[in-house]
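Right, one structure below, let's go through it.
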Amino acid sequence: MKLSLKQTALFGIVLGLSTSVFAAEYPKVIQTAVNQGVKVAKSFPAASGMTGWVLSREGQYSIVFTTPDNKTLVAGLMISESGANLSQEYAEKYIPKPDFSAVFKDLEKTTMIVEGAKAPKGILYAFFDPNCPFCHMTWKALQPYEAAGLQVRWVPVAYLAPTSLPKAIEMLASANPTAAFRANEQNFGKEKNPPAKYTASAYPEIAKKLEKNAELMQKFGFNGTPGIVWKDKSGKIMVKNGMPKLSELPAMTGLPEQKIDDPELTRFR
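Terminal number for the sequence shown in the numbering used here: 429, no gaps in between.
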């Protein structure tokens, strides 16, 4: 799990955990946060005599630290003298892992555009915006894997640009959404704006489906596109926010590494 600055600054709620039990033991700086609605999930010994605290509010977890004298709270990255990201290590060890089982069932039933193998050897779900350049790069990177047996279930959302919504509506309103999606990707960066008729008021049912997809994207914790969801070999639900490295694709797809020689993708190796 990558710990973002947003996460380190955010205080969250631990479901079902009462703060009153341990309140008397909290340093004053932690108690101040608790008084503001933050709940404490766990404390642990951290580097340099500091104490780490797993805090949560509204389902969002963060890790902060208190100094050995318990008088100062530190929120941010903790880096060791060897360059190790201790904040990330602590997050992976102490922050509860989300359970996506219920939301994955919703994902399987949501509005999507299916591309790739009809009898797939592997399946990926990918949230995308029609104007997202990194979604386009992901599409290009996955083409050799689709040829090798991957099926990608592209889940459209619309938020990046004014043309995102009409482009997404045009795809889903098409007689062949997959062909419309591929045309968007094949002409990415040089396509014309969609006809003015593709508006939310003209296609309210499709617009509502796109809104539901956006809500679903947020439930997976994605803060942008692409947002990729899959099950690993053990059946565990995995998520990846952003364009994956090419070296990650075999594990994500469950397929052997495929040759990718597109010069635009060199920086993602």
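The beta-carbon is built from N, C-alpha and C at its ideal position, and this holds for glycine as well.
Return the bridge partner residues of Glu275 from the DSSP annotation. For the purposes of this step, residue 275 is identified with residue 115 of the sequence shown, where counting begins at 1. Answer is Val312, bridged to Glu275.
Cβ contact check for the region 351-371 and the region 316-326: 3 or more pairs under 8 Å: yes
First and last residue of the uninterrupted alpha helix (DSSP H) at Met435: With the chain covering 161 to 429 only, the question about residue 435 has no answer from this structure.
Tell me the residue span of the beta strand (DSSP E) that contains Tyr221. The residue you call residue 221 lines up with position 61 of the sequence shown. Gln220 to Thr226 is the extent of the beta strand (DSSP E) around Tyr221.
Is it buried or exposed, Asp289, if we count other Cβ atoms within 10 angstroms and call 16 or more buried? What you label residue 289 is simply residue 129 of the sequence shown in a count that begins at 1. Classification for Asp289: buried.
Coil, strand or helix - Lys372 by DSSP: Position 212 of the sequence shown holds residue 372. Three-state result, Lys372: helix.
Taking the CB atoms as reference points, tell me whether Ile388 and Leu320 lie closer together than 8 Å. Counting from one through the sequence shown, the residue named residue 388 turns up at place 228. Counting from one through the sequence shown, the residue named residue 320 turns up at place 160. Going by C-beta atoms, Ile388 is not nearer than 8 Å to Leu320.
Give the DSSP-derived three-state secondary structure of Arg217 in the structure shown. The residue given as residue 217 occupies position 57 in the sequence shown. In the structure shown, Arg217 sits in a strand (DSSP, three-state: E or B).
Separation of Gln311 from Pro337, as counted between CA atoms: For the purposes of this step, residue 337 is taken as residue 177 along the sequence shown, with counting starting at 1. For the purposes of this step, residue 311 is taken as residue 151 along the sequence shown, with counting starting at 1. About 15 Å.
Between which two residues does the alpha helix (DSSP H) harbouring Asn195 extend? On the sequence shown, residue 195 is found 35 positions in, with the first residue counted as 1. Taken as a continuous stretch (DSSP letters only), the alpha helix (DSSP H) holding Asn195 covers Lys188 to Asn195.
Going straight from the alpha carbon of Glu424 to that of Asn344, what length do you get? Residue numbering aside, residue 424 sits at position 264 when the sequence shown is read from its first letter. Residue numbering aside, residue 344 sits at position 184 when the sequence shown is read from its first letter. The alpha-carbon atoms of Glu424 and Asn344 are separated by roughly 17 Å.
Buried or exposed by the 16-neighbour rule on C-beta atoms within 10 Å, applied to Ala244: Looking up residue 244 in the sequence shown gives position 84. Exposed is the call here.
Taking Ala251 and Leu215 to be in contact with their CB atoms under 8 Å, please state how far apart those CB atoms are, rounded to whole angstroms. Along the sequence shown, one-based indexing puts residue 251 at 91. Along the sequence shown, one-based indexing puts residue 215 at 55. Actually they do not touch by this definition, with Cβ atoms about 12 Å apart.
Go ahead and label Pro404 buried or exposed: buried means 16 or more other beta carbons lie within 10 angstroms of its beta carbon, across all protein chains shown. Taking the first residue of the sequence shown as position 1, residue 404 is located at position 244. Buried, because 16 or more other Cβ atoms sit within 10 Å of the Cβ of Pro404.
Could you check whether the region 289-305 touches the region 254-262, counting it as contact only if at least three pairs of C-beta atoms, one from each stretch, sit closer than 8 Å? no
Can you list, in chain order, the stretches of the beta strand (DSSP E) that have 3 or more residues and sit fully within the region 313-350? none
Under DSSP, the beta strand (DSSP E) around Pro205 begins and ends at which residues? Here the question's residue 205 lines up with position 45 in the sequence shown. It spans Lys199 to Pro205 - the beta strand (DSSP E) in which Pro205 sits, taken as one unbroken run.
So, at 7 Å on beta carbons, what are the nonlocal neighbours of Gly209 in its own chain, with the 5 sequence-adjacent residues on each side left out? Translated into the one-based positions of the sequence shown, residue 209 becomes position 49. Counting only Cβ-Cβ distances below 7 Å, and skipping sequence neighbours, we find Pro228.
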